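Protein chains: 2
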Amino acid sequence: MARVDRLVNHRRKLRRGEHLYRAGNPLAVLYAIRSGFMKTCALHDDGREQVAGFHMMGDLLGLDAISSGRHMCDAVALEDSEVCEIPFAYLEQLSRELPSLQHQLHRIMSREIVRDYGVMLLLGTMKAEERLAAFLLNLSQRFAARGYSATEFNLRMTREEIGSYLGLKLETISRAFSRFQQDNLIEVRHKHVRIRDPERLRLLIGQQCP
Amino acid sequence: MARVDRLVNHRRKLRRGEHLYRAGNPLAVLYAIRSGFMKTCALHDDGREQVAGFHMMGDLLGLDAISSGRHMCDAVALEDSEVCEIPFAYLEQLSRELPSLQHQLHRIMSREIVRDYGVMLLLGTMKAEERLAAFLLNLSQRFAARGYSATEFNLRMTREEIGSYLGLKLETISRAFSRFQQDNLIEVRHKHVRIRDPERLRLLIGQQCP
DNA sequence: CGTTGCATTGAGGAAAATCAAGTTGAGTGG
DNA sequence: CCACTCAACTTGATTTTCCTCAATGCAACG
Chain P
1 MARVDRLVNH
11 RRKLRRGEHL
21 YRAGNPLAVL
31 YAIRSGFMKT
41 CALHDDGREQ
51 VAGFHMMGDL
61 LGLDAISSGR
71 HMCDAVALED
81 SEVCEIPFAY
91 LEQLSRELPS
101 LQHQLHRIMS
111 REIVRDYGVM
121 LLLGTMKAEE
131 RLAAFLLNLS
141 QRFAARGYSA
151 TEFNLRMTRE
161 EIGSYLGLKL
171 ETISRAFSRF
181 QQDNLIEVRH
191 KHVRIRDPER
201 LRLLIGQQCP
Chain W
211 MARVDRLVNH
221 RRKLRRGEHL
231 YRAGNPLAVL
241 YAIRSGFMKT
251 CALHDDGREQ
261 VAGFHMMGDL
271 LGLDAISSGR
281 HMCDAVALED
291 SEVCEIPFAY
301 LEQLSRELPS
311 LQHQLHRIMS
321 REIVRDYGVM
331 LLLGTMKAEE
341 RLAAFLLNLS
351 QRFAARGYSA
361 TEFNLRMTRE
371 EIGSYLGLKL
381 ETISRAFSRF
391 QQDNLIEVRH
401 KHVRIRDPER
411 LRLLIGQQCP
C-alpha cells in the first residue's frame with residue numbers, strides 16, 4: 001500500500017491555458033486529474049488539429065504516449081487544474097506484482113478505446129444537433145458520476161472547442177444551442193447550461209435521418 | 211518460451227461473412243489475425259453502426275472488451291480468415307512474469323488509441339476526397355509493411371463499408387474513386403486498385419479547405 | 001470606456017446526402 | 001454455354017445540411 005501511495009505522490013498544478021504535455025514530448029509519467037478540466041488535441045502534420053477529448057477529475061491522461069514513447073497529442077488545461085504524476089515505468093513494475101492494479105490499468109486503456117469508438121460513431125453517423133445532444137448528455141452523466149449536478153453546469157470550453165470535438169464549426173454549435181433553447185430542451189447563457197428535458201434530448205439522438 | 215507458445219496455441223478459421231464476436235459477448239480471448247481480413251463495427255443503441263476499423267495479418271482484436279468484460283463491437287471476416295485465440299487471463303498472468311510481454315501489450319493498446327485519434331481527425335476535419343486519399347494511403351502502407359505491393363491491391367470491403375468507415379455514403383466514395391481515376395491518381399476497377407501517384411495523393415490530404 | 005475575445009445571427013454558397021435510374025459482373029441453374 | 005438474378009457499383013439530378021462570410025452583441029478587463 002505504501003508503494004501504491006508512492007505511485008501517486010507527485011502533484012503538479014496547471015494554470016488555465018497551460019500545456020500539460022505536447023505532441024512529441026517523451027513519455028515519463030501518466031497523469032491522473034485530481035481537479036480541474038482539460039482537453040486533449042490530436043494533431044495532423046498539416047497543422048490541422050482536433051479536440052480528441054475533454055477530461056475531468058479521475059481521468060487518466062497520457063496513454064497515447066505508450067506506443068511510441070512520445071506523446072501523440074497535446075493536453076491543455078481549460079481551467080486551473082491539478083494532476084498527479086504517475087511514473088509509467090514504476091506503474092508497470094508495480095502492476096507486475098499486483099494483479100488487481102494490472103487489471104485496472106488494462107481496463108482503463110480499454111475504456112479509452114471504447115470511448116474513442118463512441119466518438120467515431122458520433123462523427124461518422126450523427127447530424128449536428130444529434131452530436132451536440134450526445135455531447136451534453138455525456139457531460140451531464142460524467143458530472144453526475146462525480147457528485148455534481150447532472151442538469152446544471154458550466155462549460156469550461158469555448159464553442160469553437162466543442163465544435164472541434166464534434167467535427168462542426170462554432171457557428172453551427174451556437175445555432176444548435178439556440179435551437180435547443182427555443183425548443184425548451186435546455187437553458188443556455190454563455191457558458192452556463194441547464195438541461196430542462198434530458199429525455200427529449202435523448203430521443204433527439206435516436207432520430208435516424210429517415 | 212514454451213509458455214508463450216501455449217499462449218497462441220489455439221487457432222480458429224472463419225469463412226467470409228462470419229462473425230468472430232459480437233457486441234455483448236463475454237471476453238474470453240483476444241484474437242491475433244494470422245491471415246485474412248476483418249472489420250470491426252461500433253454499434254449505437256438505435257441500430258446505427260459504423261465500421262471502426264479494418265484489420266489484417268498481425269493485428270490484435272478484442273481489446274474493446276477488457277474494460278467491461280464484454281465486447282463493445284462486432285468483428286466480421288471480410289474474407290476467409292484465420293485467427294489465433296489468446297486467453298486473456300493467461301496473457302495477464304504471463305505478462306506479470308515477462309516485463310517485455312507486458313510492455314508489448316501496453317504498446318499495442320496504446321497504438322490502438324493513437325489509431326483512433328487519427329480516425330477522429332479524419333472524420334472531424336477532412337473533406338470526402340481527403341478522407342479517401344488518407345484511407346488508400348493507409349491501406350497501401352499497411353500492405354507494404356506486410357510485404358505486399360504498396361501500389362496494387364484488392365479491396366476486401368465494399369464501397370458501403372469504406373463509406374461507413376469514412377463517415378460518407380457509398381455514392382460519395384464511388385464518385386471520389388471516379389474523380390481520382392480521371393485525375394490519374396489511381397486506377398480502380400471494382401475491387402482492384404492501383405495507386406499511380408502516391409505523392410499527389412499525399413498532397414491532396416494536406417489541402418486545408420479555405 | 002474602449003479594447004478584446006467569445007458568441008449570436010443572418011444570408012448565400014459549397015459539399016455531401018438523397019433519390020433515382022442504369023450498368024456490371026459474379027454466381028446459379030437450366 | 002447461356003439466360004437469369006442479385007448485389008455492388010456508377011452516374012445524374014435534386015435537396016439538405018453545414019460552412020463561410022459578415023455584421024453585431026455582449027461581458028470581462030485593463
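The listed protein sequences correspond, in order, to chains P and W. Mapping the first sequence onto this note's numbering, position 138 (from 1) lands on 138, and the numbers just tick up by one. In this note's numbering, each residue carries its 1-based index in the second sequence increased by 210. Cβ coordinates follow ideal geometry from the N, Cα and C atoms, glycine included. Bear in mind that the values here come from a model prediction, so they are computed numbers and not experimental data.
Determine the contact status of residue i and residue j, defining contact as a CB-CB distance below 8 Å.
| i | j | result |
| --- | --- | --- |
| V218 of chain W | A242 of chain W | yes |
| R404 of chain W | T361 of chain W | yes |
| L123 of chain P | L201 of chain P | no |
| F180 of chain P | I173 of chain P | no |
| T40 of chain P | D80 of chain P | no |
| A299 of chain W | M120 of chain P | no |
| R244 of chain W | C294 of chain W | yes |
| L414 of chain W | A355 of chain W | no |
| L78 of chain P | R6 of chain P | no |
Are the C-beta atoms of residue i and some chain W residue less than 8 Å apart?
| i | result |
| --- | --- |
| Q50 of chain P | yes |
| P210 of chain P | With a pLDDT of 41 at P210 of chain P, under the threshold of 50, the predicted position of this residue should be treated as unreliable, and no value is reported. |
| R12 of chain P | no |
| R22 of chain P | no |
| C73 of chain P | yes |
| S140 of chain P | no |
| S100 of chain P | no |
| R159 of chain P | no |
| S178 of chain P | no |
| R15 of chain P | no |
Using 8 Å as the limit for Cβ to Cβ distance, is residue i near chain P?
| i | result |
| --- | --- |
| R273 of chain W | The amino acid occupying residue 273 of chain W in the given sequence is Leu; Arg does not appear at that position. Chain P, which has a Cβ nearer than 8 Å to the Cβ of L273 of chain W, makes this yes. |
| V329 of chain W | yes |
| D407 of chain W | no |
| T335 of chain W | yes |
| S277 of chain W | yes |
| S384 of chain W | no |
| R244 of chain W | no |
| A355 of chain W | no |
| I323 of chain W | yes |
| D269 of chain W | no |
| R317 of chain W | yes |
If residue i sits next to residue j, beta carbons under 8 Å apart, how far is it from one beta carbon to the other, in whole angstroms?
| i | j | result |
| --- | --- | --- |
| Y165 of chain P | V76 of chain P | Y165 of chain P to V76 of chain P, Cβ: 13 Å. No contact. |
| I191 of chain W | L240 of chain W | A question about residue 191 of chain W goes unanswered here, because the residues of chain W that appear run from 211 up to 420. |
| I113 of chain P | H316 of chain W | About 13 Å; that fails the 8 Å criterion. |
| G219 of chain P | L20 of chain P | What is shown of chain P runs 1 to 210, which leaves residue 219 of chain P out entirely. |
| D197 of chain P | G416 of chain W | With 8 Å as the limit, D197 of chain P and G416 of chain W do not qualify as a contact, their Cβ atoms being about 43 Å apart. |
Using the Cα positions of residue i and residue j, report the straight-line distance between them to the nearest angstrom.
| i | j | result |
| --- | --- | --- |
| F54 of chain P | K191 of chain P | 15 Å |
| R280 of chain W | D393 of chain W | 46 Å |
| H103 of chain P | E199 of chain P | 35 Å |
| G118 of chain P | E339 of chain W | 24 Å |
| D326 of chain W | R369 of chain W | 21 Å |
| L155 of chain P | D59 of chain P | 17 Å |
| M267 of chain W | M157 of chain P | 41 Å |
| R258 of chain W | E371 of chain W | 13 Å |
| E82 of chain P | H44 of chain P | 28 Å |
| N214 of chain W | I318 of chain W | For the sequence presented, residue 214 of chain W should be read as Val rather than Asn. Answer to the nearest angstrom: the Cα atoms are 17 Å apart. |
Is it right to say residue i is buried, meaning 16 or more other beta carbons lie within 10 angstroms of its own, or is it exposed?
| i | result |
| --- | --- |
| Q141 of chain P | exposed |
| G433 of chain W | Residue 433 of chain W lies beyond the stretch modelled for chain W, which goes from 211 to 420, so this question has no answer here. |
| M72 of chain P | buried |
| M1 of chain P | exposed |
| R341 of chain W | buried |
| D64 of chain P | buried |
| G272 of chain W | buried |
| E381 of chain W | exposed |
| E307 of chain W | exposed |
| P420 of chain W | Below a pLDDT of 50, predicted positions are generally treated as unreliable, and P420 of chain W, at 43, falls in that range; the measurement from the model is reported next regardless. P420 of chain W is exposed by the Cβ-count criterion. |
| S95 of chain P | buried |
| S310 of chain W | exposed |
| S320 of chain W | buried |
Tell me whether residue i counts as near the ligand MG, meaning its Cβ is closer than 7 Å to at least one heavy atom of that ligand.
| i | result |
| --- | --- |
| R194 of chain P | As far as ligands go, the structure on display features none, and thus does not contain the ligand MG. |
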